[in-house]
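Residue numbers (this note's numbering): 141 to 273. From the three backbone atoms N, C-alpha and C, an ideal C-beta is built for every residue, glycine too. Keep in mind the model is a prediction, meaning the values are calculated, not measured.
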């Protein structure tokens, strides 16, 4: 039987896999309609709702340029249960991929995500993503 910590980590990995794959349907199923966030693309503004995020998922992909393989790692994840129906997860997200010249590169960002149990299932309700300074 999985613990709440295991569930939150699995959901977070599933969410990040959906982001990496451009899978809007899976992403949409994991997040609340009123998702809020602070992230670099928002230029210091608090974003609410899904339209901002959907824009990036819907950008056309160049069929002549297949997606490069990438691997996402959650480094040092910490899950804190803030109550029976609210969980916070914090970690550094490492993404390994190939640059345009075919050389391996690793990028990183710091992320904090808040999950809330809604109607019996976990929904992602807020995140804060920061690039290293």
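Opening and closing residue of the alpha helix (DSSP H) in which residue i lies
i, result
"residue 250", "Careful: residue 250 lies outside any alpha helix (DSSP H), inside the beta strand (DSSP E) at 244-258."
"residue 170", "164-170"
Assumed close pair residue i, residue j - CB separation to whole angstroms, cut-off 8 Å
i, j, result
"residue 186", "residue 195", "Not really, about 17 Å apart at Cβ, beyond 8 Å."
"residue 155", "residue 264", "6 Å"
"residue 231", "residue 197", "Contact flag wrong, Cβ pair sits at about 22 Å."
"residue 233", "residue 212", "6 Å"
"residue 201", "residue 225", "Actually they are not in contact, since the Cβ atoms of residue 201 and residue 225 sit about 37 Å apart, beyond 8 Å."
Residue range of the unbroken beta strand (DSSP E) whose run includes residue i
i, result
"residue 190", "Segment: none, residue 190 is in no beta strand (DSSP E) and carries neither H nor E."
"residue 146", "Run containing residue 146: none in the beta strand (DSSP E); it sits in the alpha helix (DSSP H), 144-161."
"residue 269", "261-270"
"residue 238", "226-238"
"residue 222", "210-223"
Candidates the options, of which the one nearest residue i by Cα
i, options, result
"residue 191", "172, 209, 202, 205", "172"
"residue 223", "268, 163, 262, 165", "262"
"residue 205", "240, 162, 180, 141", "240"
"residue 162", "193, 147, 216", "193"
"residue 147", "170, 203, 188", "170"
Where residue i falls, given that 16 or more other Cβ within 10 Å makes a residue buried
i, result
"residue 175", "buried"
"residue 254", "buried"
"residue 158", "buried"
"residue 227", "buried"
Beta-carbon proximity of residue i to residue j, cut-off 8 Å
i, j, result
"residue 209", "residue 237", "yes"
"residue 235", "residue 247", "yes"
"residue 229", "residue 149", "yes"
"residue 214", "residue 152", "yes"
"residue 220", "residue 249", "no"
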